[in-house]
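Q: Residue numbers (my numbering): 56 to 299. For each residue, glycine too, the CB sits at the ideal point set by N, CA and C.
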């Protein structure tokens, strides 16, 4: 066995981008996803047998991503119905360890803690607002929540200034997350999400935070109506890449 390097390369900054309700078979090779297939996959590392926890709908899967369980929740109710006192979840542990985090949510304005779904923002896709230690007990005025759950448009300035957190969770709105939503500018949900990724992934990859030990994980919450493998795409200067 080869000895471990005395100076391993360190992963410093993580970006998790979560799309919606598509199996991997719907994405890989899809004409609706030219950015993913022609630009991301040839340079990324990606999984072909990655699956969710075998539950539906969306909210339980987002809670799994943050807490490692769905806490018995099997619907998409807002935090007013399902807020949780549990403190043993990822960003709580990161905070205790002195590791910074932020959630960038498309469709919020940053003036309050977004514990209620509104227009194209869905709280069910924002797992952090379900935890009382983040929201000070489901309080829309929670300063802690407001400081951590920010509008997506702030990500650009934070990348440029080098002020992004070490763990960043990025969520598109209902028109851009691939699920498909009535009245959106692009009717093809996969095409809308692919165009959104084509706008935001390069912004992250052009940042110093990504170049210096960063990683982007693009995944999906679940497949739509079945438990087929879903996508998991990793882009990092520390990963093997090249379509691995």
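Please state whether the Cβ-Cβ distance between residue 257 and residue 161 is less than 7 Å.
A: By one-based count along the chain shown, residue 257 stands at place 202. By one-based count along the chain shown, residue 161 stands at place 106. Against a cut-off of 7 Å, the Cβ pair of residue 161 and residue 257 comes out as no contact.
Q: When you compare the CB positions of residue 146 and residue 156, do they come within less than 7 Å of one another, or not?
A: The residue labelled residue 146 in the question sits at position 91 within the chain shown. The residue labelled residue 156 in the question sits at position 101 within the chain shown. A contact, by the Cβ cut-off of 7 Å.
Q: State the DSSP-derived secondary structure class of residue 222, mapped to helix, strand or coil.
A: Here residue 222 refers to the residue found at position 167 of the chain shown. Residue 222: strand per DSSP, three-state reduction.
Q: Which two residues bound the contiguous beta strand (DSSP E) that contains residue 105?
A: In the chain shown, residue 105 corresponds to position 50, counting from 1. Segment 100-105, the beta strand (DSSP E) holding residue 105.
Q: By a C-beta neighbour count over all protein chains shown, 10 Å radius and 16 as the cutoff for buried, is residue 232 buried or exposed?
A: Numbered from 1 along the chain shown, position 177 holds the residue referred to as residue 232. Residue 232 comes out buried.
Q: Determine whether the beta carbon atoms of residue 101 and residue 271 lie at a separation below 7 Å.
A: As a first step, residue 101 is located in the chain shown; it is residue number 46 there, counting from the start. As a first step, residue 271 is located in the chain shown; it is residue number 216 there, counting from the start. The answer is no: Cβ separation not under 7 Å.
Q: Hey, which unbroken runs of the alpha helix (DSSP H) at 4 residues or more fall wholly within the region 63-132?
A: Fully enclosed alpha helix (DSSP H) runs of 4 or longer: 79-82 and 113-122.
Q: So is residue 115 buried or exposed if we call it buried at 16+ other beta carbons inside 10 Å?
A: The sequence position of residue 115 within the chain shown is 60, counting from 1. That one is buried.
Q: Over the uninterrupted beta strand (DSSP E) stretch that includes residue 300, give me the two end residues.
A: Any property of residue 300 remains undetermined from this structure, which presents the chain solely from 56 to 299.
Q: Going by C-alpha distance, which of 117, 174, 192 and 124 is nearest residue 72?
A: Here residue 72 refers to the residue found at position 17 of the chain shown. Of the candidates 117, 174, 192 and 124, the one whose C-alpha sits nearest the C-alpha of residue 72 is 117.
Q: Grab me the residues of residue 264's own chain with a C-beta within less than 8 Å of its C-beta, minus the 5 sequence neighbours each way, in chain order.
A: Here residue 264 corresponds to residue number 209 of the chain shown, with the count starting at 1. These residues qualify, in order along the chain: 67, 68, 214, 217 and 219.
Q: In chain order, what residues of the same chain lie with their CB nearer than 6 Å to the CB of residue 57, ignoring the 5 residues before and after it?
A: Numbered from its first residue, the chain shown carries residue 57 at position 2. Note that residue 57 scores a pLDDT of 41, beneath 50, so its modelled location is shaky; the value from the coordinates is reported in the next line. Result list for residue 57: empty, nothing under 6 Å.
Q: May I ask which residues mark the beginning and end of the alpha helix (DSSP H) holding residue 297?
A: The count along the chain shown starts at 1 and reaches residue 297 at position 242. That residue, residue 297, is in no alpha helix (DSSP H); it is neither H nor E in DSSP.
Q: Is there contact between the region 237-252 and the region 79-97, where contact requires at least three CB pairs shorter than 8 Å?
A: A contact exists between the region 237-252 and the region 79-97.
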